[in-house]
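Residue numbers (UniProt numbering): 1 to 315. Structure first, commentary second.
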């Protein structure tokens, strides 16, 4: 059994993960409660999968649940058949591990939800296998269950430049100014086009200034975009980038100049060709939560030059 087949048996982990919440109405609040319930199912699934308990996983599917593998055309119908596939996978590859990147969960009706995302299956001695999925969940009583899941392999980029093309829109000069804090950023391709390099400067009032460099690249082993940031004050950090609907989530950790630690997730939302919004959620410094602040709007101040815009230089 291949790692992708194991992934097909286990991708329920991803379909039940909700995107970051955006409650604005009473209906949104109800939807968020349902998404939280789906999260509880996720935890139950993960526990059962890690214990190799196929029967417990099967209880998270409807009796007539259907799994479709688009790559092979194989369709597995019914909870019992899905459980048998899991039992086989657990016997043949008990060491398989999963990494999930979930997209936004959309409520179709109060009792039907649709979810999309990707699952990476890690098996010792094999290259990571990445699949994308689309799932339909239904609410039966108080429980959310999987009713149908479709999966297909995700084509992997041949080069780092191919992988980073989805961020090429950032190339150019940007600025924002909020409550006395002014930040300017310039994104450009590195020589050879395999990295994006951001140079930035932040002015706090009339005195303090912070500057630094961020390098954004593609990790061919983990199949994800990563970045490394180096600040003039000696602090540094790294982050993992993932797509979530129309947003980019940048999960970041940082070592501060005073030996402290900071973490948080930046949410980057493209608005149009010349503006984006950037927010920070889950911000902590030395383990203490930092109050959340409103997202800022960043605007393009200059289009990329011909040299900066091309990723072919040096190839």
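No residue lacks a Cβ here, since even glycine has one placed at the ideal position from N, Cα and C. Source: prediction; values computed, not measured.
C-alpha distance - residue i paired with residue j, whole-angstrom precision
{"i": "residue 194", "j": "residue 220", "result": "12 Å"}
{"i": "residue 133", "j": "residue 119", "result": "8 Å"}
{"i": "residue 107", "j": "residue 162", "result": "33 Å"}
{"i": "residue 213", "j": "residue 152", "result": "37 Å"}
{"i": "residue 246", "j": "residue 273", "result": "14 Å"}
{"i": "residue 92", "j": "residue 271", "result": "47 Å"}
{"i": "residue 217", "j": "residue 128", "result": "18 Å"}
{"i": "residue 182", "j": "residue 175", "result": "7 Å"}
{"i": "residue 73", "j": "residue 169", "result": "36 Å"}
{"i": "residue 86", "j": "residue 179", "result": "55 Å"}
{"i": "residue 116", "j": "residue 234", "result": "40 Å"}
{"i": "residue 75", "j": "residue 197", "result": "45 Å"}
{"i": "residue 14", "j": "residue 124", "result": "Below a pLDDT of 50, predicted positions are generally treated as unreliable, and residue 14, at 39, falls in that range; no measurement from the model is reported."}
{"i": "residue 290", "j": "residue 257", "result": "18 Å"}
{"i": "residue 244", "j": "residue 130", "result": "16 Å"}
{"i": "residue 111", "j": "residue 51", "result": "29 Å"}
{"i": "residue 255", "j": "residue 207", "result": "24 Å"}
Collapsed DSSP secondary structure at residue i in the structure displayed
{"i": "residue 114", "result": "strand"}
{"i": "residue 95", "result": "coil"}
{"i": "residue 162", "result": "helix"}
{"i": "residue 259", "result": "coil"}
{"i": "residue 47", "result": "helix"}
{"i": "residue 195", "result": "coil"}
{"i": "residue 72", "result": "coil"}
{"i": "residue 293", "result": "coil"}
{"i": "residue 157", "result": "coil"}
{"i": "residue 264", "result": "strand"}
{"i": "residue 270", "result": "strand"}
{"i": "residue 288", "result": "strand"}
{"i": "residue 327", "result": "Here the chain comprises residues numbered 1 to 315, so residue 327 is not present and cannot be evaluated."}
Endpoints, the alpha helix (DSSP H) within which residue i is located
{"i": "residue 90", "result": "79-92"}
{"i": "residue 56", "result": "54-58"}
Beta strand (DSSP E) segment containing residue i, residue limits
{"i": "residue 302", "result": "296-302"}
{"i": "residue 174", "result": "172-178"}
{"i": "residue 69", "result": "61-69"}
{"i": "residue 183", "result": "181-189"}
{"i": "residue 140", "result": "129-140"}
{"i": "residue 284", "result": "275-285"}
{"i": "residue 167", "result": "Residue 167 -> no beta strand (DSSP E), and no H or E assigned at all."}
{"i": "residue 153", "result": "143-153"}
Own chain partners of residue i with C-beta closer than 8 Å, once the 5 adjacent residues on each side are dropped
{"i": "residue 275", "result": "297, 298, 299, 300"}
{"i": "residue 211", "result": "199, 200, 201, 202, 231, 232"}
{"i": "residue 64", "result": "77, 78, 79, 147"}
Cutoff 7 Å; reference residue i; Cβ partners in own chain excluding five residues on either side
{"i": "residue 24", "result": "Unreliable positioning characterises residue 24 in this predicted model, as indicated by a pLDDT of 42, which lies under 50. A coordinate reading is not provided."}
{"i": "residue 264", "result": "252, 280, 281, 282, 283, 284"}
{"i": "residue 71", "result": "152, 153"}
{"i": "residue 248", "result": "241, 268"}
beta-carbon residue i near the ligand SAM non-hydrogen atom, thresh 7 Å
{"i": "residue 149", "result": "Of ligands this structure carries none, so the ligand SAM is not represented either."}
Own chain, CB closer than 6 Å to residue i, minus 5 neighbours either side, in chain order
{"i": "residue 227", "result": "214, 216, 239"}
{"i": "residue 55", "result": "none"}
{"i": "residue 157", "result": "163"}
{"i": "residue 209", "result": "203"}
Quiz item: Quick one: complete beta strand (DSSP E) runs, 3+ long, within the segment 202-245?
Solution: Within the segment 202-245, the runs of beta strand (DSSP E) at least 3 residues long that lie entirely inside it are, in chain order, 208-219, 224-231, 236-244.
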